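For what it's worth, this note's numbering labels the leading residue of the sequence shown as 357, then goes sequentially.
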Amino acid sequence: MNEILTKIKAGILDIFPDAAAIEITLETKLGDIPEWDSIAAVNLQTYLQETFTVRIPLDLMSDETTIGEMTAFIGKRTAK
Numbered sequence: 357m358n359e360i361l362t363k364i365k366a367g368i369l370d371i372f373p374d375a376a377a378i379e380i381t382l383e384t385k386l387g388d389i390p391e392w393d394s395i396a397a398v399n400l401q402t403y404l405q406e407t408f409t410v411r412i413p414l415d416l417m418s419d420e421t422t423i424g425e426m427t428a429f430i431g432k433r434t435a436k
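Shown next as structure tokens:
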């Protein structure tokens with residue numbers, strides 16, 4: 357789970373440099389990320405799908421989705 361969280365944070369910081377100004381925790385909502393909008397959602401979705409080779413549904417990219425929910429979703433899809 358920590359490895360997934362680390363990769364999610366890295367992607368967020370790469371796509372949204374201004375996100376360095378906030379603490380990204382499991383409770384952080386995607387909508388809390390500076391510069392978050394629909395284009396940003398697609399950019400992060402693409403990054404996550406390429407990084408974890410899982411399909412990320414667009415509804416998971418909601419403003420209200422937390423990093424913890426995203427981490428859990430990816431963890432379930434990548435569990436061996």
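Note that beta-carbon positions come from the ideal geometry of N, C-alpha and C, so glycine has one too.
Note that the structure is predicted; figures quoted are calculated from it, not measured.
Local Cβ density within 10 Å of residue i, reported as buried at 16 or more and exposed below that
{"i": "Thr427", "result": "buried"}
{"i": "Ala397", "result": "buried"}
{"i": "Thr384", "result": "buried"}
{"i": "Ile430", "result": "buried"}
{"i": "Ile423", "result": "buried"}
Residue i: first and last residue of the uninterrupted alpha helix (DSSP H) it sits in
{"i": "Gly367", "result": "Asn358 to Ile371"}
{"i": "Val410", "result": "Per DSSP, Val410 belongs to no alpha helix (DSSP H) and is neither H nor E."}
Residues sharing a beta bridge with residue i, DSSP
{"i": "Thr422", "result": "Lys385"}
Three-state class that DSSP yields for residue i in the structure shown
{"i": "Glu391", "result": "coil"}
{"i": "Glu379", "result": "coil"}
{"i": "Ala428", "result": "helix"}
{"i": "Ala396", "result": "helix"}
Whole-angstrom distance between residue j and residue i, CA atom to CA atom
{"i": "Leu448", "j": "Leu386", "result": "Given a span of 357 to 436 for the chain in the structure shown, any question on residue 448 remains unanswerable."}
{"i": "Ile364", "j": "Pro390", "result": "15 Å"}
{"i": "Ser394", "j": "Asn358", "result": "27 Å"}
{"i": "Gly367", "j": "Leu382", "result": "15 Å"}
{"i": "Ala435", "j": "Thr409", "result": "12 Å"}
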